[in-house]
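Numbering (full-length UniProt numbering), first residue to last: 1 to 377.
For glycine and all other residues, C-beta sits at the position ideal for the given N, C-alpha and C.
Since the structure is predicted, the reported quantities are computational estimates derived from the model, not experimental observations.
Everything on this sheet refers to the single structure shown next.
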Ligand SMILES: Cc1ncc(COP(=O)(O)O)c(C=O)c1O
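Here it is as structure tokens:
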């Protein structure tokens, strides 16, 4: 099997699996007052500390565990919408956000909020000046993703954070594709909220978290027993919280070497395409891109055919994001970058690297591309 779709999801790291199995031996409820409960409460606090350290967060800031990155995004954005539900106001986001952000903003519009969807350029980037120009006195929230899931463009979050320092608007970033891959420092980025997800960093599906700065408001989506500082009720999923924490440690330890490997693999992919006479361009690419995602326009080759041929050979790539790939509809991100009429929409695939990625995966992919190109001739 040649897995080249780490932006969709990732294999579980063996050390993460081990940590989860071990954690399953401890069944105490962190809210219980007797010893096995108190022990779990300590484990929970230690896990949060690891995440705070990774993000350079203050001790007074919060880490709220969620069941997914989507839930973390919903929690932050809906919370601000709820806070200003009577007054309404203005919200800013980009036009290439993940559906778990975009759809919440679309819903906010139906509830009477004004939303500005900032466009990105062909490199998949917006600028802090554009955010500054869009701000209004009644802007309540700015939500800009850190790294795009389809093209890998990395937004100037730090610069946007600087713009927002003097404004009352809160700042959220969907860092699901960035957390773990990139070294992130929330005090430098000056974000109020940051979302992340376990299954993108070699932990299981079903666990994520929202970082919240201590001064930022948050209203729970799930009311109940007061867990997670009263911000997300429900008895904590301790084995997955432990697994996520182990995945973060593993990711941080191998980040420099994984980044170097990702860059080498991308260079090798480009070299091999050129050597085999395949005409291509990178979509939404600039020097600042995250190293693990790339989006290729393979000129004249239908992505739908490439996906089928790849599947037959057990090579896993994606056209558009995993969420929209099921239907093979044109990618909303590529549409935002190049317009509805662009032939790139039908001729582009996403390749993404991670744990275990190797040159042979690319060799297999190149063989399929060559085969399709030959048939087209
Ligand atoms: C940028 C981005 N945000 C949010 C999500 C949603 O994360 P989850 O699958 O954990 O809900 C994804 C997943 O593809 C993503 O890539």
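On a Cα-Cα basis, can you pick out the residue from the options that is closest to residue i?
i	options	result
residue 32	377, 235, 266	235
residue 111	241, 126, 369, 81	81
residue 227	22, 265, 2, 30	30
residue 79	239, 281, 210, 254	210
residue 201	254, 225, 191	254
residue 121	115, 130, 293, 113	130
residue 275	294, 338, 370, 308	370
residue 194	318, 290, 138, 54	54
residue 176	166, 293, 331	293
residue 69	100, 83, 96	100
residue 136	269, 146, 116	116
residue 432	178, 59, 266, 151	This structure leaves residue 432 out entirely; the chain is present only between 1 and 377.
residue 5	318, 376, 336, 330	318
residue 12	251, 59, 49, 308	251
residue 343	7, 300, 308, 376	300
residue 268	166, 91, 353	353
residue 283	35, 225, 125	125
Distance, Cα to Cα, residue i vs residue j?
i	j	result
residue 108	residue 172	16 Å
residue 357	residue 262	8 Å
residue 206	residue 9	12 Å
residue 164	residue 40	38 Å
residue 355	residue 87	47 Å
residue 249	residue 182	13 Å
residue 168	residue 368	52 Å
residue 28	residue 203	22 Å
residue 191	residue 213	8 Å
residue 244	residue 237	11 Å
residue 239	residue 246	11 Å
residue 139	residue 17	44 Å
residue 2	residue 45	38 Å
residue 145	residue 102	11 Å
residue 374	residue 26	57 Å
residue 76	residue 186	15 Å
residue 97	residue 150	10 Å
residue 377	residue 280	16 Å
residue 57	residue 337	34 Å
residue 59	residue 74	24 Å
residue 311	residue 349	13 Å
residue 152	residue 256	18 Å
residue 333	residue 95	8 Å
Spatial neighbours of residue i within its chain, please: CB distance less than 6 Å, with the 5 preceding and 5 following residues excluded, ordered by chain position.
i	result
residue 324	Confidence at residue 324 is low in this model, with a pLDDT of 48, below 50, so its placement is unreliable and the value that follows should be read with caution. The answer is none, since no qualifying residue turns up.
residue 199	9, 205
residue 51	63
residue 291	259, 262, 263
residue 390	For residue 390 there is no data in the structure shown, the boundaries of the chain being 1 and 377.
residue 322	For residue 322, the predicted structure reports a pLDDT of 43, less than 50, and the residue's modelled location is therefore unreliable. A value from the coordinates is still provided. These residues qualify, in order along the chain: 8.
residue 180	201, 251
Can you tell me which of the three DSSP states residue i falls into?
i	result
residue 142	strand
residue 11	coil
residue 215	coil
residue 199	helix
residue 96	coil
residue 64	strand
residue 165	coil
residue 21	helix
residue 371	helix
residue 324	For residue 324, the predicted structure reports a pLDDT of 48, less than 50, and the residue's modelled location is therefore unreliable. The matter cannot be settled from this model.
residue 2	strand
residue 296	strand
So residue i and residue j are in contact, right, with Cβ under 8 Å, and what is the actual spacing, rounded?
i	j	result
residue 143	residue 66	About 16 Å separates the two Cβ atoms, so there is no contact after all.
residue 89	residue 113	6 Å
residue 72	residue 208	5 Å
residue 231	residue 64	5 Å
residue 118	residue 134	6 Å
residue 258	residue 362	Actually they are not in contact, since the Cβ atoms of residue 258 and residue 362 sit about 16 Å apart, beyond 8 Å.
residue 340	residue 302	Rounded, the Cβ-Cβ distance is 17 Å, inconsistent with contact.
residue 296	residue 351	7 Å
residue 123	residue 286	4 Å
residue 330	residue 309	Not a contact, Cβ separation roughly 20 Å.
Which residues in the same chain have their Cβ closer than 7 Å to the Cβ of residue i, if we skip the five residues on either side of it in sequence?
i	result
residue 158	188, 189
residue 156	127, 128
residue 242	19, 20, 23, 43, 47
residue 216	170, 192, 193
residue 364	2, 313, 315
residue 278	298, 369, 373
residue 37	28, 29, 30, 31
residue 15	246, 250
Indicate, with yes or no, if ligand 3 has a heavy atom lying under 8 Å from the CB of residue i.
i	result
residue 243	Only ligand 1 can be found as ligands here, which leaves ligand 3 out of the picture.
Considering only residues of the same chain and omitting the five flanking positions on each side of residue i, which have a CB-CB separation below 8 Å?
i	result
residue 305	372
residue 223	233
residue 85	111
residue 83	140, 217, 219
residue 229	62, 64
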